[in-house]
Structure formats: structure tokens, C-alpha cells
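One structure is given here, and the rest of the page talks about it.
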Amino acid sequence: SARVASKRNIQTRTSASDGPKAYKNTKPLIGILTQPCHDCPGKSYIAAANVKWVESAGGRVVPVRFYASDAELHRLFKSLNGLVFPGGLTWLWLDSPYVIAARKLFNWAVEANDAGHVFPVRRTQWHPEKPPYEFGMDEVPHSLDAIRVSHHLANVFLDQARMSPHKPESKEEELAMQIYSTPPIFSARFEVMDEENYDGPDITYYFDEPETPPSGPDDDEGEDSGPTPAEKDALRSVLRKQAEVRAEEKHEDGEEEEEEEVDEEERKEREAQRKHRSFWSTQGGFF
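Last residue of the sequence shown: 289 in this note's numbering, with the numbers rising by one and none dropped.
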């Protein structure tokens, strides 16, 4: 559901009979809060279906790292025109870093709307973003009606976001903050699509090297400036490196079995499957 504190700010502008919309911008920037990621190539992730869902209605996506400092979260908030809190696969304890960051962003959105500045927030659990873009789970419908509902909700949300007056401080900041500097990973390729316990996204954006300790939402030092070129390279190569290390360990322990006859590429793919399955199979109970 979408939560906007001052609903009249939107309702008086969204009727087709009201004439021209009170748009503040026509290129809205939508923040998507990243979710915790364990035993996978990143500290956090965003399912690409959420990104495509926003883009389908004319929005541009900005990743909002849940472990960013207060200063970084607030800087991003002032540059964004709306927020999406993805549902599923996340611990929602009140003292978890994800919930702490979400609470702060939500409170700022309420304050902005109460002050008369439209700022929509969408937090979802029934996943309207999945029908057009996710094909790994039998439970997700792909009928024309399901696609239409998905696109309608995206259009309504982005129409609200166009009324937000927020904007980045510079063109350089506007370009740097967008998700396009992070390469997506075809995560479903590393898992059997009809695997019974597979609940992961088809395509995934991973952020930041997992070895790097995160700064908590209450830490105002060391603002997160986004992925560096080295981090982007790491995202592309981490699965390959992890596979090589794992294959070497298995060889030392005498566990290679029939893999000695398997070429190097297949060995890497098997390790990628193991890594991806290890993460998503342990997360399915936390929807």
C-alpha cells in the first residue's frame, strides 16, 4: 500500500477532469531501500523486478543502502521524489538496521507531506512488481489482468512522485546516484527455475563488497558515496573467484569426486548455484 500523510495534496491533483497536473518534475527519482544479503556477492541487494516496475512508469531508480549513515540517508531523501520499501526476505525486528533506516525515511516522508510537499512511499508485500518480470515461482500470475494491475499501480505511484519538489543539488549528483552504475546479475541462471525452495529474484543488483563492514544508520561518519569502480569490478568477478576458491578447497579435502572430468566453466557454474541457493533457501521463511 502507498502511504502519503496529506492525501488531499494528491487527491486534488489526480482526477482526469481537474486539468493539468501540478507536476514539479517529469523525471522522478525513486529510492529503493536495499535489503540485507548474507552469503552472497554483496552486503545488500535489490530485486531487479522492483527496478523495472519503477522504470515501466517513467521513473529512475536510486539504491538507498539501509546501512548508510544518517547524513547520507537524509541527503538522498532530499534528492528523491518517492520511496519503495520492498517486501519479503527480510528480518523485520524493530531494532534491525533495515527497519531503523526505513523508519527514519518514513518519518521524513510524513514530515514532508504534512508540510505540503508531496512525497509518496510504497511499501509492498503482495508484490505487484512480480507478474511482468519474475518467472521463477509458480505462484506468480502472468495473466493480462495481473500485468495491467501491476502497471496501473506503478503509474499511480509515479504520478504522485512527479508532484514532489525534491531534486539533487547538481547534475553530477543526479547521474552518480542512479542504479545504472551497478551491473545486474542474472541470478536465476544460477538456480534451477522450478526448484521447490527457490524464492529469489530472476535478476538481482548486489551492492558493495561483503567483506567491507557496514556503517550503521546511526553512524554519521564515513558517508556512503556509492559503488567505486573497484566495487563494480568485484560484483562482476566475485562469483568466479568464490567458485575457484571452493573448487580448490574441495580438491584438497578429496571431495572432487566426478568433478575432475568437468570443465572449468561447469565447475564455476555449480559453485555459483551453491552460493545462490545457500542464500535464498534460508530466506524463504521470512516473507
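For every residue, glycine included, the Cβ atom is placed at its ideal position computed from N, Cα and C.
Is DSSP giving Tyr-69 helix, strand or coil here?
Along the sequence shown, one-based indexing puts residue 69 at 67. Coil.
Chain-order list of residues whose beta-carbon lies under 7 Å from that of Ile-344 (same chain, five-residue window excluded)
There is simply no residue 344 to check, as the chain begins at 3 and stops at 289 in what is shown.
So for Ile-149, helix, strand or coil by DSSP?
Within the sequence shown, numbered from 1, the residue matching residue 149 stands at position 147. Correct three-state label for Ile-149: helix.
Return the CA-CA distance between Ser-71 and Pro-212, expressed in angstroms with no decimal places.
As a position in the sequence shown, residue 71 is number 69, starting the count at 1. As a position in the sequence shown, residue 212 is number 210, starting the count at 1. In a straight line, the C-alpha of Ser-71 is about 17 Å away from that of Pro-212.
Please report how far the alpha carbon of Ile-149 lies from the alpha carbon of Ser-183, in whole angstroms.
As a first step, residue 149 must be located in the sequence shown, where it is residue number 147. As a first step, residue 183 must be located in the sequence shown, where it is residue number 181. Cα to Cα, the separation comes out at about 28 Å.
Hey, is the region 135-151 in contact with the region 99-112, meaning 3+ C-beta pairs nearer than 8 Å?
no
Just verifying my parser: in three-state terms, what is the DSSP assignment at Gln-37?
Taking the sequence shown and counting its residues from 1, one reaches residue 37 at position 35. In this structure, Gln-37 counts as strand in the three-state DSSP scheme.
Any chain B beta carbon closer than 8 Å to Met-139
Here chain B cannot be found, since the structure has a single protein chain.
Option nearest Val-123 by Cα separation, candidates Asp-161, Arg-77, Met-179
For the purposes of this step, residue 123 is identified with residue 121 of the sequence shown, where counting begins at 1. The shortest C-alpha separation from Val-123 is found at Asp-161.
Do Ser-46 and Phe-68 have their C-beta atoms closer together than 8 Å?
Translated into the one-based positions of the sequence shown, residue 46 becomes position 44. Translated into the one-based positions of the sequence shown, residue 68 becomes position 66. For Ser-46 and Phe-68, yes; Cβs fall inside 8 Å.
Residues bridged to Val-64 (per DSSP):
Numbered from 1 along the sequence shown, position 62 holds the residue referred to as residue 64. Paired residues: Gly-33.
Would you give the residue range spanned by the beta strand (DSSP E) that Ser-46 belongs to?
As a first step, residue 46 must be located in the sequence shown, where it is residue number 44. Note, Ser-46: beta strand (DSSP E), 46-49.
Check the DSSP bridge columns for Ser-187 and list the partner residues they point to.
In the sequence shown, the residue the question calls residue 187 occupies position 185. In the sequence under discussion, the amino acid at residue 187 is Ile, which differs from the Ser named in the question. DSSP output for Ile-187 lists Thr-206 as bridge partner(s).
For Trp-55, collect the residues of the same chain with a Cβ closer than 6 Å to its Cβ; drop the 5 residues on either side in sequence, then sort them by chain order.
Position 53 of the sequence shown, counted from the start, is the residue given in the question as residue 55. Glu-131, Ala-156.
Among Gly-44, His-40, Ile-205, Pro-88, which one has its Cα closest to the Cα of Ile-32?
In the sequence shown, counting from the first residue as 1, residue 32 sits at position 30. Taking only the C-alpha atoms, the option nearest Ile-32 is Pro-88.
Would you call the CB atoms of His-168 and Asn-115 closer than 8 Å?
As a working mapping, residue 168 is identified with position 166 in the sequence shown. As a working mapping, residue 115 is identified with position 113 in the sequence shown. Not closer than 8 Å, so no.
Kindly indicate the opening and closing residues of the beta strand (DSSP E) around Phe-87.
Counting from 1 along the sequence shown, the entry for residue 87 is found at position 85. Taken as a continuous stretch (DSSP letters only), the beta strand (DSSP E) holding Phe-87 covers 84-87.
Is Gly-44 near Asp-210, with beta carbons less than 8 Å apart?
In the sequence shown, counting from the first residue as 1, residue 44 sits at position 42. In the sequence shown, counting from the first residue as 1, residue 210 sits at position 208. Yes, Cβ-Cβ distance for Gly-44 and Asp-210 is below 8 Å.
Host beta strand (DSSP E) of Arg-125 (start-end):
As a working mapping, residue 125 is identified with position 123 in the sequence shown. Run containing Arg-125: 123-125, per the beta strand (DSSP E) assignment.
Between the alpha carbons of Arg-269 and Ser-172, how many angstroms are there, rounded?
Here residue 269 is taken as the residue at index 267 of the sequence shown, counted from 1. Here residue 172 is taken as the residue at index 170 of the sequence shown, counted from 1. Taking the straight line joining both Cα atoms gives about 46 Å.
Own chain partners of Arg-191 with C-beta closer than 7 Å, once the 5 adjacent residues on each side are dropped
For this step, residue 191 is matched to residue 189 along the sequence shown. There are no such residues.
Quick check on this structure: which residue in Leu-85, Pro-170, His-154 has the alpha carbon closest to the alpha carbon of Leu-35?
Mapped onto the sequence shown, residue 35 falls at position 33. Of Leu-85, Pro-170, His-154, the residue nearest in Cα terms is Leu-85.
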